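Worksheet: one structure, shown below.
In my numbering, the protein residues as written are -1 to 133.
Right under this line is the structure:
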(Lines of atoms letter the chains of each structure in order from A and count residues from 1; the text may use other names and numbers.)
(Lines give C-alpha, C1' and ligand atoms only; values in the text may rest on other atoms or scores of the structure.)
Protein backbone atom coordinates (compact mmCIF):
# COMPACT_ATOMS: atom_id res chain seq x y z
CA UNK A 1 0.00 0.00 0.00
CA UNK A 2 1.33 3.44 -0.88
CA UNK A 3 1.93 6.34 1.46
CA UNK A 4 -0.96 8.15 -0.21
CA UNK A 5 -3.35 5.27 0.49
CA UNK A 6 -2.33 5.21 4.17
CA UNK A 7 -1.93 8.94 4.74
CA UNK A 8 -5.55 9.98 5.30
CA UNK A 9 -6.85 6.96 7.26
CA UNK A 10 -3.85 6.89 9.61
CA UNK A 11 -3.89 10.66 10.04
CA UNK A 12 -7.58 10.53 10.94
CA UNK A 13 -7.03 7.61 13.31
CA UNK A 14 -4.27 9.48 15.15
CA UNK A 15 -6.43 12.60 15.27
CA UNK A 16 -9.22 10.59 16.88
CA UNK A 17 -6.74 8.98 19.29
CA UNK A 18 -5.59 12.40 20.51
CA UNK A 19 -9.22 13.54 20.73
CA UNK A 20 -9.99 10.44 22.83
CA UNK A 21 -7.19 11.37 25.24
CA UNK A 22 -9.06 14.61 25.91
CA UNK A 23 -12.37 12.81 26.42
CA UNK A 24 -10.61 10.64 29.00
CA UNK A 25 -9.35 13.78 30.73
CA UNK A 26 -5.65 13.08 30.17
CA UNK A 27 -3.24 15.99 30.47
CA UNK A 28 -2.72 16.89 26.82
CA UNK A 29 0.95 17.89 26.94
CA UNK A 30 1.93 14.76 28.85
CA UNK A 31 -0.13 12.42 26.66
CA UNK A 32 1.07 13.91 23.38
CA UNK A 33 4.75 13.94 24.37
CA UNK A 34 4.58 10.38 25.68
CA UNK A 35 2.81 9.14 22.57
CA UNK A 36 5.09 10.90 20.10
CA UNK A 37 8.18 9.43 21.80
CA UNK A 38 6.67 5.95 22.25
CA UNK A 39 7.38 2.68 20.49
CA UNK A 40 3.75 2.78 19.38
CA UNK A 41 4.35 5.98 17.38
CA UNK A 42 7.61 4.52 16.09
CA UNK A 43 5.63 1.53 14.79
CA UNK A 44 3.18 3.85 13.05
CA UNK A 45 6.19 5.57 11.44
CA UNK A 46 7.46 2.33 9.90
CA UNK A 47 6.67 1.11 6.41
CA UNK A 48 4.46 -1.63 7.86
CA UNK A 49 3.38 -2.35 11.39
CA UNK A 50 0.22 -4.08 12.58
CA UNK A 51 -0.54 -0.99 14.68
CA UNK A 52 -1.32 0.83 11.43
CA UNK A 53 -4.48 -1.28 11.23
CA UNK A 54 -5.46 -0.98 14.89
CA UNK A 55 -8.17 1.43 15.90
CA UNK A 56 -7.90 4.31 18.31
CA UNK A 57 -9.42 2.28 21.16
CA UNK A 58 -6.82 -0.49 20.87
CA UNK A 59 -3.96 1.98 20.64
CA UNK A 60 -5.32 3.86 23.67
CA UNK A 61 -5.42 0.58 25.62
CA UNK A 62 -1.78 -0.02 24.65
CA UNK A 63 -0.86 3.50 25.78
CA UNK A 64 -2.62 3.00 29.11
CA UNK A 65 -0.92 -0.36 29.69
CA UNK A 66 2.58 0.42 28.41
CA UNK A 67 2.84 4.15 29.16
CA UNK A 68 0.65 4.88 32.20
CA UNK A 69 2.87 7.90 32.94
CA UNK A 70 1.45 9.46 29.77
CA UNK A 71 -2.17 8.87 30.73
CA UNK A 72 -2.43 11.27 33.66
CA UNK A 73 -5.81 12.75 34.47
CA UNK A 74 -6.00 16.43 35.26
CA UNK A 75 -3.70 19.21 34.25
CA UNK A 76 -4.43 21.03 31.02
CA UNK A 77 -6.75 19.25 28.59
CA UNK A 78 -6.88 20.83 25.15
CA UNK A 79 -10.11 21.27 23.25
CA UNK A 80 -11.16 18.18 21.24
CA UNK A 81 -10.85 19.96 17.88
CA UNK A 82 -7.33 21.10 18.77
CA UNK A 83 -6.36 17.58 19.82
CA UNK A 84 -7.75 16.10 16.61
CA UNK A 85 -5.85 18.65 14.51
CA UNK A 86 -2.59 18.02 16.36
CA UNK A 87 -2.85 14.23 15.98
CA UNK A 88 -3.86 14.46 12.34
CA UNK A 89 -1.17 16.97 11.45
CA UNK A 90 1.63 15.06 13.21
CA UNK A 91 0.85 11.83 11.33
CA UNK A 92 0.42 13.62 7.99
CA UNK A 93 3.72 15.39 8.65
CA UNK A 94 5.46 12.03 8.98
CA UNK A 95 4.07 10.88 5.62
CA UNK A 96 4.97 14.16 3.95
CA UNK A 97 8.59 14.41 5.16
CA UNK A 98 9.53 10.93 6.42
CA UNK A 99 10.58 12.46 9.74
CA UNK A 100 10.01 10.33 12.82
CA UNK A 101 7.34 11.15 15.37
CA UNK A 102 10.05 12.00 17.90
CA UNK A 103 11.80 14.38 15.48
CA UNK A 104 8.48 16.01 14.62
CA UNK A 105 7.69 16.47 18.32
CA UNK A 106 11.12 18.00 18.90
CA UNK A 107 10.38 20.57 16.17
CA UNK A 108 6.82 21.36 17.27
CA UNK A 109 5.88 20.19 20.77
CA UNK A 110 2.36 20.02 22.16
CA UNK A 111 2.41 23.53 23.54
CA UNK A 112 3.57 24.96 20.18
CA UNK A 113 0.83 23.05 18.38
CA UNK A 114 -1.83 24.26 20.82
CA UNK A 115 -0.60 27.84 20.46
CA UNK A 116 -0.49 27.79 16.65
CA UNK A 117 -3.82 25.98 16.19
CA UNK A 118 -5.89 29.16 15.91
CA UNK A 119 -3.78 30.59 13.08
CA UNK A 120 -2.79 27.37 11.33
CA UNK A 121 -5.79 25.02 11.43
CA UNK A 122 -7.44 26.65 8.43
CA UNK A 123 -4.30 26.40 6.29
CA UNK A 124 -3.62 23.59 3.88
CA UNK A 125 -1.96 20.82 5.91
CA UNK A 126 1.29 21.07 3.92
CA UNK A 127 1.41 24.85 4.43
CA UNK A 128 0.88 24.46 8.18
CA UNK A 129 3.66 21.86 8.33
CA UNK A 130 6.01 24.07 6.30
CA UNK A 131 5.39 26.99 8.67
CA UNK A 132 5.96 24.80 11.73
CA UNK A 133 9.20 23.54 10.20
CA UNK A 134 10.26 27.12 9.47
CA UNK A 135 10.44 26.57 5.73
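Backbone N, C-alpha and C fix where the C-beta goes; we use that ideal spot for every residue, glycine too. Here the structure is a predicted model, which means the values were calculated and not measured.
>> Tell me which residues share the same chain as residue 25 and place their Cβ nearer than 8 Å to its Cβ, disregarding the 5 neighbours each side in the sequence.
In response: As a position in the chain shown, residue 25 is number 27, starting the count at 1. Closer than 8 Å at Cβ, skipping near neighbours: 70, 71, 72, 73, 74, 75.
> What are the boundary residues of the alpha helix (DSSP H) that includes residue 115?
Replying inline: Along the chain shown, read from residue 1 onward, the residue named residue 115 stands at position 117. From DSSP, the alpha helix (DSSP H) with residue 115 extends over 108 to 118.
>> For the pair the region 77 to 92 and the region 44 to 53, tell me if three or more CB-CB distances fall below 8 Å.
In response: no
>> The alpha helix (DSSP H) that contains residue 58, what's its start and end?
In response: Looking up residue 58 in the chain shown gives position 60. Here the alpha helix (DSSP H) through residue 58 covers 54 to 64.
> Can you pull the DSSP bridge partners for residue 40?
Replying inline: The residue you call residue 40 lines up with position 42 of the chain shown. In DSSP, residue 40 forms no bridge with anything.
> Under the three-state reduction of DSSP, which class applies to residue 199: helix, strand or coil?
Replying inline: In the structure as shown, the chain begins at -1 and stops at 133. Residue 199 is therefore absent and cannot be evaluated.
> Which of helix, strand or coil does DSSP assign to residue 10?
Replying inline: Counting from 1 along the chain shown, the entry for residue 10 is found at position 12. It is helical.
> Applying the criterion that 16 or more other CB atoms from any shown protein chain within 10 Å of the CB defines a buried residue, is residue 48 buried or exposed?
Replying inline: For the purposes of this step, residue 48 is taken as residue 50 along the chain shown, with counting starting at 1. It counts as exposed.
>> So, with DSSP's three-state summary, where would you put residue 124?
In response: The count along the chain shown starts at 1 and reaches residue 124 at position 126. Correct three-state label for residue 124: helix.
>> DSSP three-state label for residue 76, please.
In response: Here residue 76 refers to the residue found at position 78 of the chain shown. Coil, per DSSP.
> So, are the CB atoms of residue 92 and residue 84 less than 8 Å apart?
Replying inline: Position 94 of the chain shown holds residue 92. Position 86 of the chain shown holds residue 84. Not closer than 8 Å, so no.
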